[in-house]
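Residue numbers (our numbering): 36 to 307.
Just so it is clear, CB atoms sit at the ideal spot from N, CA and C, and this is done for glycine as well.
In what follows, a structure is listed as structure tokens, so that the remarks can point back to it.
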Amino acid sequence: MEATLTSGQTFNWEWSADGWTGVVCGRWVRLQQEGSLIRARTSEPQRTWDWLEEYLQVKVNLNEVLASFPNDPHLQLAVAACRGLRLLRQEPWECLASFLLSSTKQIVQIRQIVAMLSSTFGRQLSALGGRPAFGFPSADRLAAVREAELRACKMGFRAPYLLATARLIADGHCDLESLRNLPLAEARERLMELPGVGGKIADCVLLFAFGFPEAFPVDVWVTKVLSRFYFRGRRVKPSRLRSFIEMHFGPNAGYAQQYLFHYIRTQTRGEQ
DNA sequence: GACCAGGACCATT
DNA sequence: AATGGTCATGGT
């Protein structure tokens with residue numbers, strides 16, 4: 036669970052001695068790992084846990100996913116180092132907005148920005164003990180604020196992108212939920228029409244929110260690890276990298292990407 | 001105090 | 001098509 040929640044696919048989980056605290060579908064949640072089980076606590080009674088099972092993707096058979104990976108020693112090394120890492124199924128708007136804020140930011144900083152944005156514009160939620168919690172602000176809410184208010188959340192040049200995209204979602208010009216049912220390439224194009232959304236951020240939404248398992252976000256870390264593992268550390272043109280990815284990683288390429296990303300990031304921390 | 005971070009966009013070649 | 005500069009901020 037730790038690998039899943041700290042691997043840079045989501046930014047709103049906080050660890051403490053009591054477990055992992057976060058917000059899913061507008062509900063405050065605390066998760067505790069007990070062996071192979073996960074215990075969940077909410078601040079209010081729940082009539083169903085479907086929303087959490089969907090988010091955590093607990094019904095995905097991880098062994099089947101891993102069995103679909105190519106049998107190459109580098110990838111297997113990453114798999115061994117990131118035991119239990121899963122892909123979440125996040126809410127599209129929160130995922131899109133979070134990754135709009137992610138460009139050339141370290142994960143710790145993205146977490147700070149998301150936290151400030153939520154506490155400023157998000158809905159306050161009841162929580163068990165501790166500090167109050169805040170949900171991620173809706174597109175409607177953000178569409179109504181001024182750019183300066185967003186910049187006050189330390190997002191810098193990303194503020195106009197977030198604002199413009201929030202407005203396109205809020206006024207119905209773009210319906211995120213409808214993109215879920217499109218073919219991957221088409222959904223990707225629709226996403227890239229949004230201001231501030233290029234191929235990488237689109238791939239993140241396709242993989243982390245819409246659940247396209249073959250979507251493969253390529254950032255500086257993934258570029259680095261692919262170069263090191265499969266191209267003897269040499270620079271590789273993006274187009275060549277793309278064709279290698281499609282050739283090599285199979286139907287669950289996105290999972291493989293997440294293992295490689297988390298592996299290289301945790302291995303080289305503090306190095307160089 | 002450099003260097004860099006889960007990029008996108010625009011102006012030049 | 002392919003670089004190069006720019007954007008804002010702060011962690012390491």
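Can you list, in chain order, the residues of its chain whose CB lies under 6 Å from that of residue i, leaving out five sequence neighbours each side?
i	result
K189	I148
V260	L295 and I299
A178	A201, R202 and A205
L31	The structure shown does not extend to residue 31, since the chain spans only 36 to 307, so no value can be given for it.
R225	L214
W256	F296, I299 and R300
W48	L40, W55 and G57
Suppose contacts are defined by Cβ-Cβ distances below 9 Å. Is residue i in contact with residue j by that definition?
i	j	result
G165	T200	no
A288	F251	yes
S153	F169	yes
E118	A194	The sequence given here has Arg at residue 118, not Glu. Result no, Cβ atoms of R118 and A194 do not sit closer than 9 Å.
Hey, how far is the Cα of residue i from the Cα of residue j?
i	j	result
E89	R124	7 Å
Q307	D107	At Q307 the pLDDT is 39, less than 50, meaning the model places this residue with poor confidence and gives no usable figure here.
V95	I204	30 Å
V59	W84	11 Å
R223	V143	27 Å
S173	G61	10 Å
G43	E69	23 Å
For residue i, collect the residues of the same chain with a Cβ closer than 7 Å to its Cβ; drop the 5 residues on either side in sequence, then sort them by chain order.
i	result
A116	Y298
R176	F156
H283	P105
Measure the beta-carbon distance from residue i to residue j and round it to whole angstroms, keeping in mind my assumption that it falls under 8 Å.
i	j	result
F46	R158	F46 to R158, Cβ: 18 Å. No contact.
H109	F264	4 Å
Q293	L122	6 Å
V114	L101	6 Å
D254	K235	6 Å
P127	F245	7 Å
Note down, in chain order, each residue of its chain lying with its Cβ closer than 8 Å to the Cβ of residue i, except the 5 sequence neighbours on either side.
i	result
L72	none
V64	T56, G57, V58, A75, R76, T77 and L87
L160	V58, G61, R62, W63, S78, P167, A168, F169 and G170
R270	S262
L97	G119 and R121
Are at least three pairs of beta-carbons, each pair with one atom in the segment 208 to 227 and one in the segment 237 to 256, less than 8 Å apart? Yes, they touch.
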